[in-house]
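The structure appears below as structure tokens.
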Amino acid sequence: TYQYPEINIIAETTTEMSKNVKEYLNQIELEKQIRQEFFSNASHELKTPITSVQGYAELLESGIIQDEEQKMDFIRRIKKEAVNMNHLINDILMISRLEAKEAEVLKNDVRLSILLDDIVESLKPLAASHEVMIHVDCKPLCIYANGQQMKELFGNLISNAIKYNKPGGQVWVTVTEENRNVIIRVKDNGMGIPKESLGRIFERFYRVDKGRSKKQGGTGLGLSIVKHIVNFYHGTITVRSELDVGTEFVVKIPIQEKIC
Ligand code: ADP
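Throughout the sequence shown, residue numbering follows UniProt numbering, covering 208 to 467 in sequence.
As structure tokens, this is what we get:
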């Protein structure tokens, strides 16, 4: 300590300031690290399909493949990889827009029952191919939000409940209102999520079973996008799951003033 109290105050303030600066720099370093990791993951995810497209195209070009059916099979694989890459790039763009918060988000009164009907209709082929039934119970509610973002939110949760289900499985979607919150529940009786993975499923590119996710056309970004959207509306998301029994996601979004 110094002889003069003013100097003590200055010394304490300076120490406090340097602590804050250190914390700030650590935060910047952490963000930099996360960003680098994201780019390296994204490049890796894109490299795999690009390499296989290149391989198939070279084989077709070489003339080695004579069998017409095999040629068609290679073309179908190239197309499938292109669809997956497109999906991945769209998801990456969506995340970067949500993170930059640049989203000039256009909001409207979105009638949830109409939105859900659209989504379920578009997911019917996926549900049919997995032999999964979808049940919807949606109260006549509106939310003041961006329609595209709401589509992403519901679409990702419901398509996961279908993809990670078993043949003959079920998906229940309910939308209710509780204490000025819209509560969205997406429940399935599918394969469930192992306990040790539950805390990580919202991380970017995290998949419980990479092979299975990729086979389903998954990017590992779906739940991360869902979480970003939920945060954007100051909501919460929770998950409960039991292996081989099923999974339930519950999203809670506060209802804003403007309502239809
Ligand atoms: P993906 O593109 O792999 O589906 P997501 O971010 O949407 O990526 O989900 C992350 C992982 O969480 C998935 O790979 C899957 O293993 C697991 N998961 C998500 N939803 C469910 C569910 N309803 N049932 C079982 N596992 C799920």
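In this text, a Cβ means the ideal position worked out from N, Cα and C, and glycines have one as well.
Comparing alpha-carbon positions, the option among TYR413, ILE408, ILE365 and GLN356 lying closest to ILE436 turns out to be GLN356. In this structure, DSSP gives LYS459 an extended state, which the three-state scheme calls strand. Per DSSP, TYR231 is one residue of the alpha helix (DSSP H) stretching across 212-269. A heavy atom of ligand 1 is found nearer than 6 Å to the CB of LEU430.
Of the heavy atoms belonging to ligand 1, none sits nearer than 6 Å to the Cβ of ILE444. A direct Cα-Cα distance of roughly 36 Å separates MET292 from ILE462. Excluding its 5 nearest sequence neighbours in each direction, MET398 has C-beta neighbours in its own chain below 6 Å: TYR371, listed in chain order. Look at ASP325: its beta carbon is at least 6 Å from all of the heavy atoms in ligand 1. Counting every other CB atom within 10 Å of its CB across the protein chains shown gives ASN233 a total below 16, marking it as exposed. Two segments are said to touch when three or more pairs of C-beta atoms, one from each, lie closer than 8 Å; by this definition the segment 319-337 touches the segment 379-393. By the neighbour-count criterion, in which 16 or more other beta carbons inside 10 Å mark a residue as buried, VAL228 falls on the exposed side. If only complete runs of 4 or more residues are kept, the segment 317-373 shows the alpha helix (DSSP H) at 319-337 and 354-370, in order along the chain.
For ligand 1, no non-hydrogen atom lies closer than 6 Å to the CB of SER303.
Of the residues LYS373, VAL343 and GLU268, the one whose Cα lies closest to the Cα of VAL452 is LYS373.
It is roughly 37 Å from the alpha-carbon of ASN353 to the alpha-carbon of SER259. Residues of the same chain with a CB within less than 7 Å of the CB of PRO256, apart from the 5 flanking positions on each side, are GLU288, ASN291 and MET292 in chain order.
In the three-state reduction of the DSSP assignment, ILE299 falls in the helix class. For PHE246, same chain residues with a beta-carbon under 6 Å away, outside a window of 5 residues either side, do not exist. A distance below 7 Å separates the beta carbons of ILE391 and VAL458. Collapsing the DSSP output to three states places VAL378 in a strand. Taking GLY375 as the centre and dropping the five residues before and after it, the same chain places the C-beta of GLU338 closer than 7 Å to its C-beta, in chain order.
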